[in-house]
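Heads up: the structure comes next, in structure tokens.
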Amino acid sequence: MEEQKLRQYDFLTAAFLILFGIWELFETFKMPMTDSYGGVETVWYVSPALFPLFIGAALILLGFILLRNSIKTGGAADFIHAMKSIGKSRISNKSVRVLTVLLALVSFVYILIPYIDFFMSITLFLFFLCTAFYPDHDEFRKRFVKHYLVGIGIILILLITGLSGVLNSILKYNMDILSLIFLIYLNIVARKMAKGFEIPKKLIRQVTIISLVVPLILCPLFRYFLLVPLPVEGGIIKLMNLVYYTIR
Amino acid sequence: MGVFEPLQIFFINIGGMLISPTIMLLLFSSVIMGIVFGATPGLTATLGVALLTTLTYSMDTSTAMVALMGIYVGGVYGGSYTAILVNIPGTAASAATALDGYPLACKGQAGRALGLTTTSSAIGTFIGMMFVVMLSPVISAMALQFTSFEFFLLALFGIVISGTLTSQDLVYKGWIAGFLGLFLATIGRDKLQFYPRFTFGMSELEGGLDLVPVLIGAFGIPQIMSTIRDNFKIGKTKKFDKIIPDFKTIAHNTPAIIRSSLIGVGIGSVPGIGEDIAGWVSYGAAKKASKHPEEFGNGSVEAVISTETANNSCIGGAMIPLLTLGVPGSPPAAMLLGALLLHGIQPGPMLMIDHPTFILDITAILLLASLTMWVCGILLAKQVIKVLKIPTSLFMPVIAVLCVIGSYALGIRIFNLYLMLPIGIIAYFLSEMKYPIAPLIIGVSLGDMCDQNLRRAQMVSQGSFLPVITRPVSLILFILILLLIAGQIPVFQKLQKRIGNRINLILKKKSPKTPEDMKD
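Those protein sequences? They're chains P and Z, same order as listed.
Position in the first sequence counted from 1, then plus 1, gives you our numbering.
Position in the second sequence counted from 1, then plus 5, gives you our numbering.
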């Protein structure tokens, strides 16, 4: 990042740091300084607030130094100017790529892992992220992300409204089946789109293989060798259990 | 322990490891994994140690240390592959190696350059190990005299110096990162009065943040995001027939090796500063001391040897404060601290008393790891290069899955993931704005030490800060911290310059006059 841009962001981070430091001090002052806590009489110098006070004060001080430097170097003025024309500027390709990675990570950690079978979660995450970036085609990625967003949005709505519970009460693994259908749909969409954009079919095939082979190695490794219970053991992990304990 | 007893234990340890096929297999595989991690741009030794910590959780401590030290040693060395063959350092530690390694490869000497880096890295690791053996007992004995004041100031010094030396932009950005790390460490019930701090009533936060998921988030997620974002592609690698361990050149450069090792150990032992700085400092020192400084940048063998010796001897250096004081000397050492705590080992001055043979175990592992690294480097380089052909857009998502599963598996808590990701995202934006991540990690690792020792010290002195000045070690640390901070204040910088100029003038007056001066 070039110097001028850095100073602009410094203005933003300085403001954030000062606010954060003030919030931290505010929370710290709620901690016992001289009262009794849990039957223990405390004095200021052994108070649990002592160290957070030190950190909060340091962060505010450093925030002000950063702010001063940002104002002095013109970063603050540039930042305000940039803010005024924020509606006119387009999101850069780099930012779109970052947002795509963020979408993949956030949906993986907050939507898929806690509610969907772990094998399916990994497969969906890998298939989406690899397909989005491996062909290295911006328009392809843009359209593919839209399809993923719709699918993950449907899963999110089902989870928020509690419909997932209703579905699972009809058949225990309904959400897993739904995510499997989503994966198949993404695969078909990716193949069709790849044809349109003249992306070699081979790439989608490689991504499919990776997104299936990796969880096929990792899930048994953690479940049966490291004895780690997986976050959600849905239909596929249960099937794996059946196979593993039958063979053993 | 007598004089020969440690030696006896050391050799018994080595013998025990050598005759155990499982241990040797583990060592070879972790070293190779480390080389792959180090050679792949975007992956680092720190992330390698972090991810392997998950897999070693169920192992006994010494077996786990074999794997972790193996990947650490391999990771620091592995960066030189891409530095020499593609002019892209696999890790920051080998950035200085690229300056002369790549020109050597362009001259058709890639095999020779890789041979030199392999041998000098092994020598560097070995010398670092020697210093662990020699200095650890001395520092441990000294540290036993330390009180809470010294430990508090030592931790603070670690954060300040790490912030000062690792910041690429403004120095105080490093300090900010360090203090943010300290803040993260205060979350949870405090260890002295069990008061819940910044827990927002969430029971999951009461025990504090788990160190390893936080470190995986802070180090792994930014690397994954930036590598996928840039869709990084490794260009064509320079071809080489075989790696030649050019012992003659190595012997010819013995002074450079000794100098670089000392630099590496010295920098490694300073809290929070890693192998990258050791490489650059050693490069600078080698150029200054060289008879042919004009060759530097054009394929100087001396430069390649110096940087690789320094960054690998830094491993031993970083282990010294970690084992004796509980203060990690480098980011991968911070990960090792997390791993040791997971295995119930508390590094610090009491380590020599609680686990008398532990440091000897580590040194034995370091010795074997350096030999393994040499063998793997000489024999398997071509195979490792093949791994680099896997596109990062396929490789990095798999690493992301490993980060996620690793963070979850350590405490079997999904909550770890809920924390790991936001910390990772914040760390990504911080690193984009040129905030170094190493001080943040050091802050998280040392937060507990800082907090508890500050309050214990105050408890003993009844709220007085006077012992900071009356205790010699405290005073030295306090002055060092003040100097580091003052060094960034313009008034002091001017004063420093003025004093420097005055000293130069006095020295000039005292030195004999040159013919030019006589003419004047």
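We put the beta carbon where it would ideally sit given N, CA and C, even for glycine.
Alpha-carbon spacing of residue i relative to residue j, whole angstroms
i              : j              : result
G39 (chain Z)  : Q198 (chain Z) : 42 Å
V478 (chain Z) : D456 (chain Z) : 19 Å
Q498 (chain Z) : G492 (chain Z) : 6 Å
I200 (chain P) : P136 (chain P) : 7 Å
H297 (chain Z) : G289 (chain Z) : 13 Å
G163 (chain P) : I92 (chain P)  : 35 Å
T247 (chain P) : K239 (chain P) : 12 Å
M523 (chain Z) : K514 (chain Z) : Residue placement at M523 (chain Z) is flagged as unreliable, the pLDDT there being 48, under the threshold of 50; the coordinate-derived value follows with that caveat. Between M523 (chain Z) and K514 (chain Z), the C-alpha separation is close to 13 Å.
H148 (chain P) : M176 (chain P) : 18 Å
I76 (chain Z)  : I117 (chain P) : 33 Å
A223 (chain Z) : F184 (chain Z) : 14 Å
I211 (chain P) : F128 (chain P) : 8 Å
G80 (chain Z)  : P46 (chain Z)  : 11 Å
P49 (chain P)  : Q463 (chain Z) : 12 Å
T254 (chain P) : V465 (chain Z) : No answer is possible for residue 254 (chain P): the residues shown for chain P start at 2 and end at 249.
S311 (chain Z) : G284 (chain Z) : 8 Å
D525 (chain Z) : G505 (chain Z) : Because the pLDDT at D525 (chain Z) is just 44, under 50, the model does not fix this residue reliably, and the point stays unresolved.
Q207 (chain P) : L384 (chain Z) : 30 Å
K244 (chain Z) : C381 (chain Z) : 18 Å
G53 (chain Z)  : T124 (chain P) : 23 Å
S180 (chain P) : I155 (chain P) : 10 Å
T171 (chain Z) : L18 (chain P)  : 20 Å
L48 (chain Z)  : F42 (chain Z)  : 5 Å
M438 (chain Z) : P108 (chain Z) : 32 Å
V78 (chain Z)  : A386 (chain Z) : 15 Å
K253 (chain Z) : S287 (chain Z) : 21 Å
F420 (chain Z) : R98 (chain P)  : 27 Å
L327 (chain Z) : I66 (chain P)  : 32 Å
P276 (chain Z) : G168 (chain Z) : 10 Å
L488 (chain Z) : I28 (chain Z)  : 47 Å
G236 (chain P) : V409 (chain Z) : 21 Å
P396 (chain Z) : K238 (chain Z) : 7 Å
P352 (chain Z) : A339 (chain Z) : 11 Å
L346 (chain Z) : T58 (chain Z)  : 11 Å
Cβ distance (whole Å) where residue i is taken to contact residue j below 8 Å
i              : j              : result
L113 (chain P) : S122 (chain P) : 4 Å
L270 (chain P) : F119 (chain P) : Lying outside 2 to 249, the shown extent of chain P, residue 270 (chain P) is not represented and no answer is given.
L227 (chain P) : L60 (chain Z)  : 7 Å
Y528 (chain Z) : L415 (chain Z) : No information on residue 528 (chain Z) is available, as it lies outside the stretch 6 to 525 that chain Z covers here.
G212 (chain Z) : R202 (chain Z) : The Cβ separation is near 12 Å, so there is no contact.
F131 (chain Z) : L480 (chain Z) : About 36 Å separates the two Cβ atoms, so there is no contact after all.
A44 (chain Z)  : G84 (chain Z)  : 7 Å
G302 (chain Z) : L104 (chain Z) : 6 Å
Proximity winner among the options, relative to residue i (alpha-carbon distances)
i              : options                        : result
L119 (chain Z) : Z:I419, Z:F131, Z:A101, Z:I89  : Z:I89
L56 (chain Z)  : Z:A294, Z:I221, Z:A443, Z:M207 : Z:I221
L161 (chain Z) : Z:Y433, Z:L459, Z:F363, Z:Q501 : Z:L459
I263 (chain Z) : Z:S274, Z:G133, Z:G225         : Z:G133
N229 (chain P) : P:G235, P:P221, P:L20          : Checking the displayed sequence, the identity of residue 229 (chain P) turns out to be Val instead of Asn. Of the listed residues, the one whose Cα sits closest to V229 (chain P) is P:P221.
K203 (chain P) : P:N188, P:L217, P:P216         : P:N188
P444 (chain Z) : Z:V71, Z:Y82, Z:V137, Z:G186   : Z:G186
E3 (chain P)   : Z:D174, Z:S85, Z:A338, Z:F188  : Z:D174
V219 (chain Z) : Z:G429, Z:I325, Z:L12, Z:G212  : Z:G429
L12 (chain Z)  : Z:I364, Z:C319, Z:R194         : Z:I364
A72 (chain Z)  : Z:L426, Z:I278, Z:M378, Z:V409 : Z:M378
I182 (chain P) : P:I153, P:F21, P:A105          : P:I153
I431 (chain Z) : Z:I358, Z:P227, Z:R503         : Z:P227
Q150 (chain Z) : Z:M355, Z:F188, Z:G411         : Z:M355
M324 (chain Z) : Z:E299, Z:I367, Z:A291         : Z:I367
Practice task
Taking 8 Å as the threshold, find out whether the stretch 227-235 of chain Z comes into contact with the stretch 396-412 of chain Z through three or more Cβ pairs.
Solution key: yes
Practice task
Assess, as a yes-or-no matter, whether the stretch 115-122 of chain Z is touched by the stretch 241-255 of chain Z under the definition of 3 or more beta carbon pairs within less than 8 Å.
Solution key: yes
Practice task
Could you tell me whether the stretch 90-110 of chain Z touches the stretch 448-463 of chain Z, where touching means 3 or more Cβ pairs closer than 8 Å?
Solution key: no
Handout entry: Any beta strand (DSSP E) of 3 or more consecutive residues that is wholly inside the stretch 226-313 of chain Z
Key = none
Exercise for the section: Tell me, please, whether the stretch 118-129 of chain Z touches the stretch 140-149 of chain Z by the rule of three or more beta-carbon pairs shorter than 8 Å. Expected result: no
Exercise for the section: Just list the alpha helix (DSSP H) runs in the stretch 382-420 of chain Z, keeping only unbroken ones of 4 residues or longer that don't cross its boundaries, in chain order. Expected result: 397-416
Practice task
Indicate whether the contact test is met: 3 or more Cβ pairs, each with one atom in the stretch 310-328 of chain Z and one in the stretch 262-278 of chain Z, closer than 8 Å.
Solution key: yes
Problem - Cβ contact (3+ pairs, closer than 8 Å) linking the stretch 68-77 of chain P and the stretch 9-28 of chain P - result: yes
Handout entry: alpha helix (DSSP H) runs wholly inside the stretch 180-231 of chain P, at least 4 long, in chain order
Key = 202-221
Problem - Sequence ranges, alpha helix (DSSP H) only - wholly within the stretch 15-87 of chain Z, length at least 4 - result: 26-44, 50-60
Problem - Three CB pairs or more closer than 8 Å across the stretch 169-180 of chain Z and the stretch 149-160 of chain Z - result: no
Practice task
Count the C-beta pairs between the stretch 53-68 of chain P and the stretch 27-34 of chain P that are closer than 8 Å, then say yes if the count reaches three, no if not.
Solution key: yes
Practice task
Flag this pair as touching only if the stretch 96-109 of chain Z and the stretch 276-283 of chain Z have three or more C-beta atom pairs under 8 Å; answer yes or no.
Solution key: yes
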